[in-house]
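Below: one structure, written as structure tokens.
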Amino acid sequence: MNVLNNNDINILDLPDEILSIIFNKLKTIDIFYSLLGVNHRFNRLSLDSLFIHHLDFAIERYRVHNLSVDTYILDKVCSKILPRINDKITKLTLDPFSTEHILSAVKYPQLHSLSLDNYQSHILLRHLKDGEIFCVNDQITDLTVNIYHAEGELSGELETIVFVAILFYCRYLTDLTFSEKFSSHYLSFASCDIPQEYSLPSTLS
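Counting with my numbering, you get residues 1 to 205 for the letters of the sequence shown.
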């Protein structure tokens, strides 16, 4: 009589339902690099419409030492994978490193939600002004911005300018979430604080 050895069980033995739960816990970039292309089953699950409608390309700050590796992976994703699924993507989560790669790779006709994570204020302001986000700003109705402050860095006037710039450049917003990590500062501004180059949209409630 043969007794099943639990050590012989591997990921290929798991049902699709369990694999889907595992995939949803992993970062998008890790799934595309490590699992896509393994076999037909993994390809089907990795590119399932329930999974790819929201792609998260934000890189944890503790992984910044691997940026050269992540650049290679992003280039592969942009050239080989995104052209196959771009019309199914409705939401993207990006960081300062991935924004230009992902937004310039293809068009996203169904994209309406964007999350910008781990941005420092001056970098986000530059991306807004230089056009990295211009290619989709007319599509975005839901925007989440998480401003990152390095240890000891204080928030202040620049965050107000960034907030107003977002309202100016992203004129079709109906839902905006703006938060600052590691800061106890409450963002506030009066109309007199708004730079003359910006005027606010009327769509945001």
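From the three backbone atoms N, C-alpha and C, an ideal C-beta is built for every residue, glycine too. Note that the structure is a prediction, hence the values are computed from the model and not measured.
Residues bridged to Ile147 (per DSSP) | Within the sequence shown, the letter at position 147 stands for residue 147. BP columns for Ile147 point to Tyr119, Glu180.
Residues near Asp175 by beta carbon distance below 6 Å, same chain, minus five either side = Looking up residue 175 in the sequence shown gives position 175. The residues are Asp142.
Short Cβ contact (8 Å threshold) for Leu50 with Asn43 | In the sequence shown, residue 50 corresponds to position 50, counting from 1. In the sequence shown, residue 43 corresponds to position 43, counting from 1. Not closer than 8 Å, so no.
For the region 26–110, list the alpha helix (DSSP H) runs that are entirely contained and at least 4 residues long, ordered along the chain.
-> 28–34, 40–46, 49–52, 67–76, 82–85, 99–105
DSSP three-state call for Asp138: helix, strand or coil?
-> Stepping through the sequence shown from its first residue, residue 138 is reached at position 138. Here Asp138 sits in coil by DSSP.
When burial is assigned at 16 or more other CB atoms within 10 Å of the CB, is Thr99 buried or exposed?
-> Here residue 99 refers to the residue found at position 99 of the sequence shown. Counting Cβ neighbours within 10 Å, Thr99 comes out buried, since at least 16 surround it.
Coil, strand or helix - Leu114 by DSSP = Against the sequence shown, residue 114 aligns to sequence position 114. Here Leu114 sits in strand by DSSP.
From the DSSP output, read off the bridge partner residues of Asp175.
-> Residue numbering aside, residue 175 sits at position 175 when the sequence shown is read from its first letter. Answer is Asp142.
For Leu14, which three-state DSSP category applies?
-> The count along the sequence shown starts at 1 and reaches residue 14 at position 14. Here Leu14 sits in coil by DSSP.
Between the Cα of Ile81 and the Cα atoms of Leu55, Leu94, Ile59, which residue gives the shortest distance?
-> Locating residue 81 in the sequence shown gives position 81, counting from the first residue. It is Leu55.
Should Leu167 be listed as close to the ligand HEM, given that the test is whether its C-beta is under 7 Å from any heavy atom?
-> The ligand HEM is not part of this structure, which contains no ligands at all.
Just reading off the alpha helix (DSSP H) that Glu132 is part of, what are its end residues?
-> Your numbering for residue 132 matches position 132 in the sequence shown. Membership of Glu132 in any alpha helix (DSSP H) is not indicated, and neither H nor E is assigned to it by DSSP.
Exposed or buried, what is Pro83 when buried is set at 16 or more other beta-carbons lying within 10 Å of its beta-carbon?
-> As a first step, residue 83 is located in the sequence shown; it is residue number 83 there, counting from the start. Residue burial annotation: Pro83 is exposed, with fewer than 16 other C-beta atoms found within 10 angstroms of its C-beta.
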